[in-house]
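So the protein lines, in turn, are chains A and B.
Count along the first sequence starting at 1, add 3, and that's the number in this note's numbering.
Count along the second sequence starting at 1, add 20, and that's the number in this note's numbering.
Below: one structure, written as structure tokens.
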Amino acid sequence: MELDLSKYLGLFVSESKDHLEALSRTLVDLERARPGEMPDLVDKMFRHAHSVKGMAGTMQFEGIAMLAHRAEDVLGALRGRSGAIEPELVDLLLAVTDALQGMVQLTASGQPPGGPDEELAGNLSRAAAALKRTEKAEPAEALARAAEAPPAPARASGPTPPPPAPEARRLQVEVEVAATCPVPSVRGYLVLKRLESLGSVLAASPGHEDLKAGRIPERRLFATIETSQTPEAVERALAQIADLSRVSALPEAGPATPAPPAPVRPEPGPEAQRTVRVRAELLDGFLDVVGELLLATARLRAVGRAIPEAQRRAHDEGVDRLHSIVKDLHGKVMAARMTPFTVLSDRLPRAARDLARRSGKQVDVAVSGAEIEVDRSLLEEIADPVLHVLRNAVDHGLETPAERISAGKSATGHVEVAARRERDRVVVEVSDDGRGMDPERLRQAAVEKGALSREGAAALSDAEALELACLPGVSTARVVTDVSGRGVGMDAVKSAVEALGGSLAIESRRGHGTRIVMRLPLTVAVQPVLLVRVGQEILALPVSKVHGAAEVELERLERSGGSPLLGFGGGHVPVHDLATLIGLEPGRASGRRSVVVTEGEAGRVGLAVDQLLGQEEAVLKPLQRPLSLVPGLSAVTVLGSGRPVFVLDVPRLVAA
Amino acid sequence: MAKKVLIVDDAIFMRNMIKEIFVSGDFEVVGEAANGLEAVEKYKEFRPDITTMDIVMPFKSGIEATREIIKADPKAVVVMCSALGQESLVMEAIEAGASDFIVKPFKSEDVLSVVRKVLGSP
Numbered sequence: 004m005e006l007d008l009s010k011y012l013g014l015f016v017s018e019s020k021d022h023l024e025a026l027s028r029t030l031v032d033l034e035r036a037r038p039g040e041m042p043d044l045v046d047k048m049f050r051h052a053h054s055v056k057g058m059a060g061t062m063q064f065e066g067i068a069m070l071a072h073r074a075e076d077v078l079g080a081l082r083g084r085s086g087a088i089e090p091e092l093v094d095l096l097l098a099v100t101d102a103l104q105g106m107v108q109l110t111a112s113g114q115p116p117g118g119p120d121e122e123l124a125g126n127l128s129r130a131a132a133a134l135k136r137t138e139k140a141e142p143a144e145a146l147a148r149a150a151e152a153p154p155a156p157a158r159a160s161g162p163t164p165p166p167p168a169p170e171a172r173r174l175q176v177e178v179e180v181a182a183t184c185p186v187p188s189v190r191g192y193l194v195l196k197r198l199e200s201l202g203s204v205l206a207a208s209p210g211h212e213d214l215k216a217g218r219i220p221e222r223r224l225f226a227t228i229e230t231s232q233t234p235e236a237v238e239r240a241l242a243q244i245a246d247l248s249r250v251s252a253l254p255e256a257g258p259a260t261p262a263p264p265a266p267v268r269p270e271p272g273p274e275a276q277r278t279v280r281v282r283a284e285l286l287d288g289f290l291d292v293v294g295e296l297l298l299a300t301a302r303l304r305a306v307g308r309a310i311p312e313a314q315r316r317a318h319d320e321g322v323d324r325l326h327s328i329v330k331d332l333h334g335k336v337m338a339a340r341m342t343p344f345t346v347l348s349d350r351l352p353r354a355a356r357d358l359a360r361r362s363g364k365q366v367d368v369a370v371s372g373a374e375i376e377v378d379r380s381l382l383e384e385i386a387d388p389v390l391h392v393l394r395n396a397v398d399h400g401l402e403t404p405a406e407r408i409s410a411g412k413s414a415t416g417h418v419e420v421a422a423r424r425e426r427d428r429v430v431v432e433v434s435d436d437g438r439g440m441d442p443e444r445l446r447q448a449a450v451e452k453g454a455l456s457r458e459g460a461a462a463l464s465d466a467e468a469l470e471l472a473c474l475p476g477v478s479t480a481r482v483v484t485d486v487s488g489r490g491v492g493m494d495a496v497k498s499a500v501e502a503l504g505g506s507l508a509i510e511s512r513r514g515h516g517t518r519i520v521m522r523l524p525l526t527v528a529v530q531p532v533l534l535v536r537v538g539q540e541i542l543a544l545p546v547s548k549v550h551g552a553a554e555v556e557l558e559r560l561e562r563s564g565g566s567p568l569l570g571f572g573g574g575h576v577p578v579h580d581l582a583t584l585i586g587l588e589p590g591r592a593s594g595r596r597s598v599v600v601t602e603g604e605a606g607r608v609g610l611a612v613d614q615l616l617g618q619e620e621a622v623l624k625p626l627q628r629p630l631s632l633v634p635g636l637s638a639v640t641v642l643g644s645g646r647p648v649f650v651l652d653v654p655r656l657v658a659a
Numbered sequence: 021m022a023k024k025v026l027i028v029d030d031a032i033f034m035r036n037m038i039k040e041i042f043v044s045g046d047f048e049v050v051g052e053a054a055n056g057l058e059a060v061e062k063y064k065e066f067r068p069d070i071t072t073m074d075i076v077m078p079f080k081s082g083i084e085a086t087r088e089i090i091k092a093d094p095k096a097v098v099v100m101c102s103a104l105g106q107e108s109l110v111m112e113a114i115e116a117g118a119s120d121f122i123v124k125p126f127k128s129e130d131v132l133s134v135v136r137k138v139l140g141s142p
């Protein structure tokens, strides 16, 4: 029977991409690897190429299979070599990986991938031949067999396992968590982590994901580890963990080496069966539907207000229940959309390497917090800004090796990309140890561009002057890029981050480097907003930016520069009339007014409104042209009554 | 010699209670910190044998502080003080290098038994 291959296309594309991304990542790692780590990395890459070849062959994409096969040939010839790999060869393999990715992408859009690039294929053949001349290559069959061997167990962050000694042995470990322990799965997690620090965990049941989800059947954990430690030493190490009622570590029947390793996967079978791949669009669709549900519920609640008091309770109870179910559903859909930062951060070392090589620099990129999970859509939105900032760091922040050495630094520049959770925010920091930014140059550039008066520029502190890099025009001024070494498109980065409800800060010390800090919401689609009324208009402000509210008589406030000043949080904030800002009839100047304190362009500002209507979970929809061109508006949401409401971008509104 | 302890918690009440437990167990409490920032500083100052760390604190979370302490001293022993319902945070802390954890509300013998186990002195 003829197999219908088309239904496997989605899976082929997503898995091939995973393998190719991993391949390109490993290639970058390879350049930084110590000689002892080389064989492992080459093995890994060989397996990735081999998998792509196998899948493409099955799908009858001959061009992809052929190119992957040639790459596999080169990687096969690299096996057993212990010396460093020439950067040119890494370049070639990266180019091949890119070409393969392009071909896979073509198949995804239903087009034939075509034949392989002749030049690349030829270069690969020549490289393989050259390698085989210098080294005695292993027979191809042995390579293919090795490709079926288990992948190196994934090692999570944490203590580095000791290098497997020649007498590495396999142990079967079993622990039971005491019945008195209130959180057995966390205990199990601690055990698993400890085992990872003692050796390689080849299999564990339950695995990480199960434990994270709180699953540890009968409070027991089984694991197979490969370690140089004796069973007694492993038991002693585990005995240091509290709340375990039983610990045993026994040698696995038969020696671990030299017998061929059994095909054990680091994550056991049941784990795999509990995970399914879902198309991203489906998840987007889910979120849309849940968003509509939230709106519909709010609409029902609004309708209920018209029901006479006596009959309203049952209705309201029903709506409350519905609301809590929909919120729960929303939470679950959001959780399903959570994607680890790795998806983005994995690309960064490669991008930095390419840039650095082009500009004759050396760079080492360290990523931390790759495991932090953020909403998929947010990850997509921040990919460009993060890449942009990284590019700036390498292109303009870092000096050439010669400059670095004469400045007393190491020849290789360091860029650190760190992601972390802070309450309901995710913070992404990109820092480099390059030349830093020059506040004086930025002041000059801002004045030259007419963005600031000379006096205004002089009045700025150095920290404030750094923010000038985010002004359009200033940031792209050549003088800035050339001299202070930064600024290409920082205005674009800043507005992208702010459009997501985030903020961007710059810290820099001349000669020491620059740090760009992006604070972002975990998700973009639903945000709490504060609803306010001015005249007949209802407007929304993102709650994340609201610092507080007050009720004051404006005419009794001190004034400065035409604006009343409101005492708030130990300082003074200028109060603007929101009606005037949005071009309505000015609001009352006398009598008590409500003032919302929020973030303006330069520090906090107060907005005088007619009424605070309350807080609401808003499903934000991006604005389409021409509304997206109006400064001061960031999104639109629909209230329960069906009324569309604009969400204000206060900094831009005040600046406009 | 008595083992040195650093207690990190944003609540004075908790710090006092934990302090009392350690004193009763013949430990020497060398310092206290009320947030993650202070915790990292005091750790570097006192180099305690053991640090008890609250998770949710202002300025810098206990997880972040643990990560920094372990970075500064990979052999540091940090025991997290968590509440029920913070399982995923505790796992994050373990990922960051915490040696063990205690679940609030706790009894003094629980605390001392976890700490003694971690220090390998039954």
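For each residue, glycine too, the CB sits at the ideal point set by N, CA and C.
Fair warning: this is a prediction, and the values are worked out from it, not measured in the lab.
Short of 8 Å from the beta carbon of Leu139(B), and not among the five residues preceding or following it, lie these beta carbons of its own chain, in chain order: Lys23, Asp69, Ile70 and Val97. Residues of chain A with a Cβ closer than 7 Å to the Cβ of Gly140(B) are, in chain order, Gln243.
Annotation: Glu425(A) to Gly565(A) spans about 38 Å, alpha carbon to alpha carbon. At a cut-off of 8 Å, the C-beta of Val186(A) has a neighbouring C-beta in chain B. Within the same chain, Cβ atoms closer than 8 Å to the Cβ of Gln618(A) are found at Pro531, Val532, Leu533, Leu534 and Val546, the five residues on either side in sequence being excluded. In the DSSP annotation of this structure, the continuous segment of the beta strand (DSSP E) that includes Lys124(B) starts and ends at Asp120 to Lys124. Under the three-state reduction of DSSP, Ala245(A) is assigned to coil, being neither helix nor strand.
Nearest to Val55(A) by alpha-carbon distance, out of Pro42(A), Ala252(A), Leu70(A) and Met41(A), is Leu70(A). Following the DSSP letters along the chain, one finds Gln104(A) inside the alpha helix (DSSP H) bounded by residues Pro90 to Ala111. Chain A places no beta carbon closer than 8 Å to that of Leu57(B), leaving this residue out of the contacts.
In the same chain as Arg512(A), and ignoring 5 residues on each side of it, the C-beta atoms closer than 6 Å to its own belong to Gly439, in chain order. Across the structure, Leu544(A) and Val431(A) are spaced so that their CA atoms are roughly 24 Å apart. One Cα belongs to Leu581(A), the other to Val598(A), and the distance between them is close to 9 Å. Under the DSSP assignment, Glu620(A) falls outside any alpha helix (DSSP H), being part of the beta strand (DSSP E) whose first and last residues are Gln614 to Val622. Residues of the region 96-114 of chain B with a C-beta atom less than 7 Å from some C-beta of chain A are Leu104, Glu107, Ser108, Val110, Met111 and Ile114, listed in chain order.
For His575(A), the uninterrupted beta strand (DSSP E) run begins and ends at Gly574 to Asp580, by DSSP. Rounded to the nearest whole angstrom, the CA to CA distance from Leu285(A) to Lys137(B) is 49 Å. Separation of Glu177(A) and Met73(B) (C-alpha to C-alpha, rounded to the nearest whole angstrom) is 29 Å.
Proximity to His575(A) across Val608(A), Lys364(A) and Arg559(A) peaks at Val608(A), based on C-alpha coordinates.
Distances from the alpha-carbon of Lys330(A) to those of Ala301(A), Val633(A) and Met341(A) put Ala301(A) closest. Taken through DSSP and simplified to helix, strand or coil, Asp441(A) comes out as coil. Non-local C-beta neighbours of Ala181(A) in its own chain, meaning closer than 7 Å and more than five positions away in sequence, comprise Asp246, Leu247 and Ser248, ordered along the chain. About 5 Å separates the CB atoms of Glu229(A) and Ser203(A); that is less than 8 Å, so the two are in contact. In the structure shown, Lys24(B) adopts extended strand secondary structure according to DSSP, grouped into three states. The DSSP-derived three-state label of Ile375(A) is coil. Pairwise C-beta distances place the region 77-84 of chain A in contact with the region 39-59 of chain A, as three or more of them are shorter than 8 Å.
With a contact defined as Cβ atoms closer than 8 Å, Val653(A) and Gly572(A) miss out at about 17 Å. Counted as a single uninterrupted DSSP element, the beta strand (DSSP E) harbouring Asp74(B) occupies residues Ile70 to Asp74.
By DSSP's assignment, Ser251(A) forms a beta bridge with Glu177(A).
Arg423: these are the residues of the region 421-447 of chain A whose beta carbon lies less than 7 Å from some beta carbon of chain B, given in chain order.
Taking the Cα of Ser208(A) as reference, the smallest distance to any Cα among Ser200(A), Arg197(A) and Arg223(A) is reached at Arg223(A).
Ranked by Cα distance from Met34(B), the options Lys124(B), Gly56(B) and Ala85(B) are led by Lys124(B). Counting only residues of its own chain and dropping the five nearest sequence neighbours on each side, Leu109(B) has a CB closer than 7 Å to the CB of Ile75, Ile83 and Ser102.
Contacts between Asp120(B) and chain A, judged by CB atoms closer than 7 Å, involve Leu193, Ile244 and Ala245 in chain order. Close to chain B, meaning a Cβ-Cβ distance shorter than 8 Å, are the following residues of the region 208-220 of chain A: Leu214, Lys215 and Gly217. Excluding sequence positions up to five before and after Arg446(A), its CB lies within less than 8 Å of the CB of Leu455, Ala460, Ala461, Leu463, Ala468 and Leu471, all in the same chain and listed in chain order.
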